[in-house]
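>
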Amino acid sequence: MTTETTTPAPRAADEPPAGATPRAKRRASGHLRLLTRRDRVTLGLMAGVPTVLHVLLVWVTALASIALAFTTWDGIGFDSIKWVGLDNFRQLFADNPQFWPAVEHNVIWFAVLIVIPTPFGLFLAVQLDKRIRFSRVYQTAYFLPVVISMACIGFVWQLVYNPDTGLINSLIGANRPGHYIDWIGDPDLNLWAVLVAASWRHTGYMMILYLAGLKSVDPSLREAAALDGANEWQTFRGVIFPTLRPTNTVVLVVTIIEALRAFDLVFVFNKGAQGTELLSILVTNNIIGESSRIGYGSAIAVVLLVISLAVIIPYLIATFRKERRA
Amino acid sequence: MSTITVPLKRRAPVRPARVLLHVFLAGTALAWLAPLLWAVFSALRPYSETSTKGYVSWPDRLSLANFTNAFTQSDMAHYFGNTLLIAVPAVLLTLFLSSCVAFYVSRFDFRLNLALLLVFTAGNLLPQQVIITPLYRLYLLTDLPGITASGKLYDSALGLVLIHVAFQSGFCAFVLSNYMRSLPHELTEAALVDGASVWRLYWQITLPLCRPAMAALATLLSIWIYNDFFWALVLISTGENMPITSALNNLSGQYFTDPNLVAAGALLTAIPTLVVYFALQRQFVSGLTLGSAKG
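So the sequences go chain by chain: B and U.
Numbered per the working numbering, the first sequence spans residues 1 to 326.
Numbered per the working numbering, the second sequence spans residues 327 to 621.
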């Protein structure tokens, strides 16, 4: 399993890396000629059923989000759908007091994750990569929060932050009337409190990704650097970090996506009340809240979709292009 | 040179830098476990004791009473059952369907494969909230009288299974097609020349070779689907039908009346994931880094 630790799986060794495509194509058509009618039907179903399911539930709904964002609809009959142009967006940008804070919080979420837990995860990975004893034990401890559900993490951190009974206030003596520090309720504090929990989890995730990246660094590079008399920091800066480029790309994309997806933790914490609004929370509250406005909720989702695709598409195109070349 | 220094280094008695590193790593590990240990500690203490002595105090009594109470009072077994009913079909179906697509893409169609994979993988990376508003309406509008208890796709286990399968199959198809492409082409070619059907090629020749990748994905999927909070929160309306992770939110308001019970309840929901993680750690980590494009 060790060879597949980086994204693209290696091709079979017997295939020449370059110029393999025409041969492969000929093979494919050769395959197809051998197929019976029944085989063709089987193949059609094998490719078709999953594609229809995925496209219908993920892409058609994503496109429907875009279409509905320009309409109002009560959700009952299709004939009540009314085209309103950019009204939903106008309202969202100009009148919704929660929208810009939400955007700001999503940006802060990303900034914090990329500035604190990501380098820390890299640091831990570099230390654990030194073939030290108990490496596995340490890894397990750092990675544990990634395995547990975000909802459960939310509850665990509530026990830490609770103003009356929580660990922090009990330790610093702030759990008496008049001295309360309300980590969850105070709009100036709660985002940072949630971000501590999010960073706690993100560190382990980043550590595992970097550890896999470091395993694929050619050991002779390190030896060469050592022979040249480079110290640990110089080796890392000049040799190791540049070779981690593919991992860094993955890490960046994963972190952006995590920041856009952030939801469970905040919802369990305080349902996205003042101070912790996020785009994902606004979309959800629009559905499960009292006044569900389909077009308006879709407009928020479109903002989220546009940001996501701006990250996802260039990344995937680069990945797939690299793969085709490989 | 390096062959000499390496054994020398290993034999060197105590290097202060190494000791310092271990102190740092162990300290960090402890700090990382602290919130969980705090939850365990709170859950083990009776409420009566913590309410008089405070939570940061030396325990007089430790017992599992909070765990048993949290489990029985809220009928947690029922919600674990719901999860099982959703997660098992979802994992199996995802693996089956995504391996079908991967097989097709990696063995037969070389023009379509990139486009198809791109669509699948990009879909999997989208935030769930992007599609939820139309999905919610679609589920409400889909009438399935007699098939689901609610008569709709909404508020049914079937609906949750379908969205899990649709969403997760993107990632799995990507990983599996990469894996299948690394298998030698001669294998399937020879079988095809011998007159084996496409189905046999897939089921009896390709799939058995993909066992390591499938095991890794099965581990990942089980944990992801078990941990999912959002789909059920929106697509299930009856509290009784919720899987355990999403039910936790309601249960904590209704039954877990004090922090000790909340701690016990939350920890109970973490146990299955921890068991899977410790038993299949290798599969989990290799799966995660196998297609590290996953968010």
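Ideal Cβ positions, reconstructed from N, Cα and C, are used throughout, including at glycine.
1. So what does DSSP say about B/K130, is it helix, strand or coil?
2. Note down, in chain order, every chain U residue with its Cβ under 8 Å from the Cβ of B/T284.
3. Taking only runs of the alpha helix (DSSP H) that begin and end inside the segment 459-513 of chain U, which ones reach a length of at least 4 residues, in chain order?
4. Use the C-beta contact count for B/E277: other C-beta atoms within 10 angstroms, 16 or more gives buried, fewer gives exposed.
5. Out of curiosity, what's the CA-to-CA distance linking U/S578 and U/R526?
6. Cutting at 8 Å between CB atoms, please list the residues of its own chain near U/Y462, excluding the five before and the five after it.
7. What does the alpha-carbon distance come out to for the pair B/R176 and B/L167?
8. Against chain U, with Cβ distances strictly below 8 Å, would B/A141 count as a contact?
9. At which residues does the alpha helix (DSSP H) containing B/E258 begin and terminate?
10. Checking contacts by CB at 8 Å: is U/T571 closer than that to chain B?
11. In chain U, which residues lie with their C-beta within 9 Å of the C-beta of B/W100?
12. Do U/T545 and U/V501 have their C-beta atoms within less than 8 Å of each other?
13. Report all residues from its chain with a CB closer than 6 Å to the CB of U/L509; omit the five preceding and five following residues, and keep chain order.
14. Check each candidate in U/T409, U/P372 and U/T378 and name the one with the smallest Cα separation from U/T394.
15. Note down, one range per segment and in chain order, each alpha helix (DSSP H) of at least 4 residues found wholly within the segment 71-108 of chain B.
16. Could you confirm whether any beta carbon from chain B is found closer than 8 Å to the beta carbon of U/N553?
17. Quick one: grab the DSSP three-state call for B/T51.
18. Helix, strand or coil for U/F434? Go by DSSP, reduced to three states.
19. Please confirm if U/L614 has its CB atom under 8 Å from at least one CB of chain B.
20. Can you confirm whether U/R463, when its beta carbon is compared against all beta carbons of chain B, has any partner nearer than 8 Å?
21. With burial defined as no fewer than 16 other Cβ atoms inside 10 Å of the residue's Cβ, what is the status of B/E258: buried or exposed?
22. So, is U/P333 buried or exposed, given that buried needs 16 or more other C-beta atoms within 10 angstroms?
23. For U/A413, collect the residues of the same chain with a Cβ closer than 7 Å to its Cβ; drop the 5 residues on either side in sequence, then sort them by chain order.
24. Counting only the same chain and skipping the five closest in sequence on each side, list residues whose C-beta sits under 7 Å from that of B/G75.
25. Please list the terminal residues of the continuous alpha helix (DSSP H) segment that includes U/H348.
26. Is it the case that the Cβ atoms of B/C152 and U/T595 are separated by a distance below 8 Å?
27. Whose C-beta lies closer than 8 Å to the C-beta of B/H105 among residues of the same chain, with five residues either side of it excluded?
28. Within this structure, are the beta carbons of U/L359 and B/A141 separated by less than 8 Å?
29. Check the Cβ of U/Y480 against every Cβ in chain B and list those closer than 9 Å, keeping chain order.
30. Assess contact between the segment 428-437 of chain U and the segment 291-306 of chain B, defined as three or more Cβ pairs (one per stretch) separated by less than 8 Å. Is contact present?
31. If you follow the alpha helix (DSSP H) that B/A67 is in, where does it begin and where does it stop?
32. Is the Cβ of U/V601 closer than 8 Å to any Cβ of chain B?
33. Alpha carbons only, please: which of U/A542, U/S563 and U/S503 is nearest the one belonging to B/G289?
34. In the DSSP assignment, the alpha helix (DSSP H) including B/V146 goes from what residue to what residue?
35. Compare the beta carbon distance of B/S199 and B/P117 with 8 Å and say whether it is the shorter of the two.
36. Closest Cβ-Cβ distance between U/T564 and chain B: below 8 Å?
The answer reads as follows:
1. coil
2. Q455, I458, F556, L559 and V560
3. 483-507
4. buried
5. 50 Å
6. Apart from sequence neighbours up to five positions away, the residues of its chain that approach U/Y462 with a beta-carbon distance below 8 Å are Y480, V560 and L561, ordered along the chain.
7. 13 Å
8. Chain U, which has a Cβ nearer than 8 Å to the Cβ of B/A141, makes this yes.
9. R245 to R261
10. yes
11. Those do not exist, as B/W100 stays about 18 Å from chain U at its closest Cβ, beyond 9 Å.
12. no
13. L535
14. U/P372
15. Listed in chain order, they are 87-95.
16. Chain B contact via Cβ: present.
17. helix
18. coil
19. yes
20. Taking Cβ atoms only, chain B reaches closer than 8 Å to U/R463, which makes this a yes.
21. Around the beta carbon of B/E258, 16 or more other beta carbons lie within 10 angstroms, which makes this residue buried.
22. Note on U/P333: pLDDT 46, under 50, position unreliable in the model; the coordinate value appears next. Counting of Cβ neighbours within 10 angstroms places U/P333 among the exposed residues, the total staying below 16.
23. S548, I551 and Y552
24. I294
25. P342 to L370
26. yes
27. L191, T276, E277 and L278
28. yes
29. Residues of chain B passing the Cβ test: none, with the nearest at roughly 12 Å.
30. no
31. T61 to L68
32. no
33. U/S563
34. S135 to V147
35. yes
36. no
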